[in-house]
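Down below is the structure, laid out as structure tokens.
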Amino acid sequence: MASDTLHQSISQTLNQFLHSYLHASEHNDASYVSAALTPDCIRHIRPASFLTGLGAPADLTFTPQAYQEVFAGEMPFAQTKSVQISDVTIDTTARKAAATVVYVNEFVDDGERVTMEFAFFLSFGEDGTQITKILEWVDGGDCPKYQAKIQKRREKAASAGK
Numbered sequence: 001m002a003s004d005t006l007h008q009s010i011s012q013t014l015n016q017f018l019h020s021y022l023h024a025s026e027h028n029d030a031s032y033v034s035a036a037l038t039p040d041c042i043r044h045i046r047p048a049s050f051l052t053g054l055g056a057p058a059d060l061t062f063t064p065q066a067y068q069e070v071f072a073g074e075m076p077f078a079q080t081k082s083v084q085i086s087d088v089t090i091d092t093t094a095r096k097a098a099a100t101v102v103y104v105n106e107f108v109d110d111g112e113r114v115t116m117e118f119a120f121f122l123s124f125g126e127d128g129t130q131i132t133k134i135l136e137w138v139d140g141g142d143c144p145k146y147q148a149k150i151q152k153r154r155e156k157a158a159s160a161g162k
């Protein structure tokens, strides 16, 4: 595949993936977060301190289906409202891309907005149209607070349903 064509494919797939959270919220369909991934793509979450701070194993990984289920569980409580992408780097020889992203999520019940930052390091298949591996570096400041707020809303919803 010509380098220019591969670069374009990787760029399109990268943008599809980074906007998938917004599209999932707009369409109320968590499958958008897996649409650009191969079925065997593994998502690695870092840093380990973020995971252990949430009580998760330091080496936690997700399959596309497992991550999609986690995301679907958050959707009744918060929706992604905007995406700002920067620092994009694409390496066609290694079939990799990286980008930093700022997502603004809004809680459904009270309209509170939370801004979270991520860095994504992605590996791509042969033609650049699917992601084969994700390393997601999570904002250690606001993401734990966001997750705690999601958990509180889950507990409130569960107790209301009893």
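Per UniProt numbering, the very first residue in the sequence shown carries number 1; after that it's consecutive. Cβ atoms here follow ideal geometry from the backbone N, Cα and C, with glycine treated the same way.
Reduced DSSP secondary structure (H/G/I, E/B, other) of residue 114: strand
Those runs of the beta strand (DSSP E) which lie wholly inside the segment 89–142 and span at least 3 residues: As for any beta strand (DSSP E) of minimum length 3 sitting wholly inside the segment 89–142, the runs are 96–107, 113–124 and 131–138, ordered along the chain.
Under three-state DSSP, which class holds residue 17? Three-state result, residue 17: helix.
For residue 105, tell me which candidate among 57, 10 and 23 has the shortest Cα-Cα distance. 23
State the DSSP-derived secondary structure class of residue 58, mapped to helix, strand or coil. coil
Below 9 Å between beta carbons: does that hold for residue 138 and residue 71? no
Endpoints, beta strand (DSSP E) assigned at residue 63: Counting along the chain, no beta strand (DSSP E) covers residue 63, and no H or E run does either.
Using the Cβ count rule (16 or more neighbours within 10 Å means buried), how would you classify residue 112? exposed
Closer than 8 Å is the cut-off here; do at least three beta carbon pairs connect the segment 55–66 with the segment 79–91? no
Whose C-alpha, out of 127, 101, 108 and 66, is nearest the C-alpha of residue 121? 101
Residue range of the alpha helix (DSSP H) that residue 161 falls in? DSSP places residue 161 outside any alpha helix (DSSP H), giving it a letter other than H or E.
Answer with buried or exposed for residue 68, where buried requires no fewer than 16 other C-beta atoms within 10 angstroms of its C-beta. Under this definition residue 68 is a buried residue.
Where does residue 34 land, buried or exposed, given buried means 16+ other C-beta within 10 angstroms? buried
Taking DSSP's pairing of strands, which residues face residue 44 in a bridge? Bridge partners of residue 44: 61 and 135.
Pull up the CB-CB distance for residue 131 and residue 38, whole angstroms please, since I reckon it's below 8 Å. 7 Å
Using the DSSP secondary-structure output, state which residues sit across from residue 80 in a beta bridge. Paired residue(s): 105.
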